[in-house]
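Q:
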Amino acid sequence: MANRSSEQVSDAIPDMSSSDTIVKEEEEEEVVALSVSERKLSWQKLRRFDSLDLESSKLHGHDDHHHSYAKEKKWSVILHLAFQSIGIVYGDIGTSPLYVFSSTFPDGIKHNDDILGALSLIVYTITLIPVIKYVFIVLRANDNGEGGTFALYSLICRYAKVGLIPNAEIEDGEVSNYQLSLPNGREKRASRIQSKLEKSHFAKVFLLFATMLGTSMVIGDGVLTPCISVLSAVGGIKEATPAMTEGKIVWASVGILVCLFMVQRFGTDKVGYTFAPIILIWFAFNAGIGIYNFIKYDPTVIKALNPNYIFQYFQRNKKDAWISLGGIVLAITGTEALFADVGHFSVQSIQLSMSAVTYPALIFAYIGQASFLRKHDDLVSDTFYKSIPGSLYWPVFVVAVSASIIASQAMISGTFSIIQQSLSLGCFPRVKVVHTSAKYEGQVYVPEINYLLMLACVGVTLGFKNTTKIGNAYGIAVVFVMTLTSSFLVLIMVMIWKTHILFIITYILIIGSVELVYLSSVLYKFDQGGYLPLAFAAALMTIMYVWNSVFRKKYFYELNNKISSEKLNEMVNATNFRRIPGIAFFYSELVQGIPPIFKHYVDHIPALHSVLVFITIKSLPVSKVPADERFLFRQVEAKEIDVFRCVVRYGYTDVQTEQESFEKILIERLEEFEREQRRLVKGANKVENEDEDEKGFGGIGEAWKDGVVHLVGESEVVAKKGASFGKRMMINYAYSFLKGNLRQTDQVFDIPRKHMLKVGMTCEL
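Going letter by letter, the sequence shown gives residues 3 to 767 in my numbering.
1. Enumerate in chain order the residues of its own chain whose CB-to-CB distance from Leu525 is below 8 Å, with the five nearest sequence positions on each side excluded.
2. Have a look at the DSSP bridge pairing and note the partners of Ile582.
3. Report the CB separation of Phe482 from Leu454 in whole angstroms; it is logged as a contact under 8 Å.
4. Short of 6 Å in beta carbon distance, which residues of its chain neighbour Pro132, apart from the five on each side in sequence? Order them along the chain.
5. Is there contact between the stretch 729–745 and the stretch 611–630, where contact requires at least three CB pairs shorter than 8 Å?
6. Just verifying my parser: in three-state terms, what is the DSSP assignment at Leu592?
7. Are Tyr92 and Glu241 closer than 7 Å when you measure CB to CB?
8. Helix or strand or just coil, what does DSSP make of Phe635?
9. My output table needs one value for Arg730: the three-state DSSP class, helix, strand or coil.
10. Name the two residues that bound the continuous alpha helix (DSSP H) containing Thr470.
11. Determine the DSSP secondary structure at Met758, reduced to helix, strand or coil.
12. Judging by CA-CA distance, which residue of Ile239, Ile369, Met356 and Val256 is the nearest neighbour of Asp300?
13. Under the rule that 16 or more other beta-carbon atoms within 10 Å means buried, what is Asn474, buried or exposed?
14. Could you check if Asp529 is buried or exposed, using at least 16 other CB atoms within 10 Å of its CB as the buried criterion?
15. Return the chain-ordered list of same chain residues with a C-beta closer than 7 Å to the C-beta of Phe263, the five sequence neighbours on each side being excluded.
16. With 7 Å set as the bound, which would you pick, yes or no: does the beta-carbon of Asn144 sit closer than that to a beta-carbon of chain C?
17. Would you mind sorting Pro279 into buried or exposed? The rule is 16 or more other CB atoms within 10 Å of its CB.
18. Please work out which residues of its chain come closer than 6 Å, Cβ to Cβ, to His602, disregarding the five sequence neighbours upstream and downstream, and give them in chain order.
19. Taking one C-beta from the stretch 424–434 and one from the stretch 306–321 each time, how about it: are there three or more such pairs within less than 8 Å?
20. Taking the alpha carbon of Val649 as the point to measure from, which residue in Ser621, Glu674, Thr655 and Pro628 has its own alpha carbon closest?
21. Is Ile599 near Val448, with beta carbons less than 7 Å apart?
22. Counting along the chain, where does the alpha helix (DSSP H) carrying Ser231 start and finish?
23. Between Trp396 and Met543, what straight-line distance do the alpha-carbon atoms span, to the nearest angstrom?
24. Taking the alpha-carbon positions, what's the Met546 to Met732 distance?
25. Using a Cβ-Cβ cutoff of less than 6 Å, which residues in the same chain neighbour Asp115 once the five nearest sequence positions on both sides are dropped?
26. Do you know whose CA, among Leu518, Leu493 and Ile510, lies nearest Val480's CA?
27. With the cut-off set at 7 Å, would you say Tyr681 and Phe633 are in Cβ contact?
28. Report the CB separation of Val140 from Leu354 in whole angstroms; it is logged as a contact under 8 Å.
29. Any idea which residues DSSP pairs Val719 with across the strands?
30. Taking only three categories from DSSP, how would you classify Phe528?
31. Buried or exposed: Asp55, going by 16 or more other Cβ atoms within 10 Å of its Cβ?
32. With 16 as the cutoff for other CB atoms within 10 Å, does Phe211 come out buried or exposed?
33. Could you work out which residue in Phe538, Thr469, Lys555 and Tyr652 is closest to Pro228 when comparing CA atoms only?
34. Taking the DSSP output, what are the residues bridged to Ser255?
35. When the Cβ atoms of the stretch 218–226 are set against those of the stretch 318–331, are three or more pairs found closer than 8 Å?
36. Any chance you could list the alpha helix (DSSP H) runs of at least 4 consecutive residues sitting entirely within the stretch 124–183, in chain order?
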């Protein structure tokens, strides 16, 4: 275990008052400038520095986007993951041919060449957004293999000090996943942007708000995808059985959706291998039928590759053409799953499966449907099923229903991933995250979210009963997420990748403009079902805002009322204290200083264990923290007893319940730290009296044998007297409801109940 406590600081940093919770700029720069080679100190100097009171310092992280964050994998593994990804990632975008043309022309086709204009829009939209933007650009913005809105936000938080909680530490920058890069010619521009972000409180709040909005929209997408996909596929049975009424179709769809959510607990690994062959067959049917229709009806539709037909389409239809973009955009629904689900697979596997299978199959499908419509433009409302050759109807129907079920899997998996990320970054209430695969990292299942998604899907399906209004809502959710992703990506290009300005301008002018046009079109249908994803987003953002806001207020309360090391010595040396053999683990969220709840504990129980360890579970803005870099120890200068600070650092995709006992791992790491401190003492001072030199050391193992107690700080938060009505509602009712109905600390971190003692106090915020 490397020694993390040997920062070279000449004088001890005193405890800071509430007005001085952040170290001065000059002190920060001095501390950060210290190199590892300068950290060889004598034991006397080491003892003078109590880093327990060290406040957050500037961390100037860097990144080299030329290096892939995904772990190098053998081609056999990449091919396996690519096969799995077909069943998980592309079910949504793969079933879009079921409803795109019917949604684009809800009132029928007015001019035959409008089919060419729509086809041209579809082909170029699929090429521009899913392929060029996501497969070849956005996937490169993964955070050590993880994707999604929070992955982008974590990258920004790592390279600019934009987090709203000052819990960054100098040692965080030593974690290997920070990936430092060498400066280049565009460093000055990046530093200027970084400085502006760090100095602007509005920018910090806005970034967090945008992240929450994107997350909420992705979850909303996870609700709407199953509804529209299953209803569209099951509705096709009316072609063969007219007696199948709308009500029966709706209830059949509800039954299918319930079954889908019930199998989620088996995990992405098993579900992926089950679904992938079906989606492959689905793509084969789409491509084959598309080629058949292209040859049989109108091979001249290939001229739609000329973008001039897009301009002619808008010239003929004007406002109606702009409104129809809300149907065109449904051709790229589920695209965000390419990025959100990359943590379940790998960048290479997603790129391979999209380029080799999904993209060509979709292009053939839409070209074939356009060829069919050129001869049967009156059948646009049922384009997909009408264009199927009669002998293939039932096989295609069965596969279509199966594929629509699978389509839901893409955004469900993405929702699980993004909930896990937001949970780790303190932006979502505590829920259980189950890692379902020991073979492939990043595959998770969240039981509470799964059941909530199921209830929401059933409610939307029963409420809307058809795909028209759901399609309007669907488009808003899809384009909103894409636009936010582009906004974050531009910031990453400027500040982290340091991309050439001409490329950034080109990206904004082409992809950014296209997405804004689509966004304006889908918003036009706000009152026709488009309000649904915004309502979902509002509800989710309220939950996330309440949780994050009170979490930050509580953190600052503890930071401003922390106990100094001097006060700790006074408390320890008080004559009325009893000494108890054993170890006490005291959990809190505070990274700097001793939490005020400790004083509340000793005021009521005047007894202290021989070894006291303050433990903070902390998430870093990286996807994973290597196991050998997870535990960060410091020793607090206190007489008579051993007092340690332990920060347990996790990435936002790390498992926080270890296979081994957390208690056992912690003790082993603490003993390693103790042995290293002993070596430092011997090497630095060469003290003759070894007994005196080792005072305060050597008692961890013996103390463990005497017993362990886990003291969990459970602070009750209430609004202080005179607070506004809104603040009282948020703290006293909304936050308390969320905290009381979700998992407690001991459940999240697997603390043994028979060794646990909860210590509560009331914090007035």
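We treat Cβ as the ideally placed atom computed from N, Cα and C, and that holds for glycine. Here the structure is a predicted model, which means the values were calculated and not measured.
A: Straight from the coordinates:
1. Ile478 and Gly532
2. His611
3. Between Leu454 and Phe482 the Cβ distance is about 20 Å, and since that is not below 8 Å, they are no contact.
4. Ile334 and Thr337
5. no
6. coil
7. no
8. strand
9. helix
10. Thr469 to Ile494
11. strand
12. Ile369
13. buried
14. exposed
15. Asn452, Leu455 and Met456
16. No chain C appears in this structure, which consists of one protein chain only.
17. exposed
18. Met763
19. no
20. Ser621
21. no
22. His203 to Val236
23. 43 Å
24. 12 Å
25. none
26. Leu518
27. The amino acid at residue 681 is misidentified as Tyr; the sequence shows Arg. Against a cut-off of 7 Å, the Cβ pair of Phe633 and Arg681 comes out as no contact.
28. Incorrect: roughly 16 Å between the Cβ atoms, too far for contact.
29. Cys765
30. helix
31. Since pLDDT at Asp55 reaches only 42, below the 50 mark, its modelled position is unreliable, and no value is offered.
32. exposed
33. Thr469
34. Answer is none; Ser255 lacks a bridge partner.
35. no
36. 151–161
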